[in-house]
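Taking it in order: structure first as structure tokens, then the write-up.
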Amino acid sequence: AQVFSNLLVNASKFTQDGGQIVVSSWAEGDTIKVAVADNGAGIAAEDLPNIFGLFTQGPRADWASA
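Adding 637 to a residue's 1-based position in the sequence shown gives its number in my numbering.
This is how it looks when you write it as structure tokens:
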């Protein structure tokens, strides 16, 4: 549950007013998959492997416009 909360909070925090957040879910065999997409600043490719680590944050440079 915490990972879903983090994804939604971050999507809302870093998407500008009037932006869009889309939550999708679907079944693949016996697995349920969930995706959260937004049109906010995004995450740098080099930061993606670390996004689920405790206390991980990307560079603050992109936060100024959030």
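Glycine residues also receive a C-beta, built at the ideal position from the N, C-alpha and C atoms.
Rounded separation between G773 and D667 - CA only:
Here the chain comprises residues numbered 638 to 703, so residue 773 is not present and cannot be evaluated.
Measure the CB-CB distance between V673 and V660 and report whether it falls below 7 Å.
Between V673 and V660, the CB-CB gap stays under 7 Å.
Which term fits A638, buried or exposed, when burial requires 16 or more other beta carbons within 10 angstroms of its beta carbon?
Its Cβ having fewer than 16 others within 10 Å, A638 is exposed.
For K650 and S662, I'd like the C-alpha separation in whole angstroms.
Those two C-alpha atoms are separated by around 22 Å.
On the criterion of 16 or more Cβ atoms from any shown chain inside 10 Å, does D675 qualify as buried, or is it exposed?
By the neighbour-count rule (16 or more Cβ atoms within 10 Å), D675 is buried.
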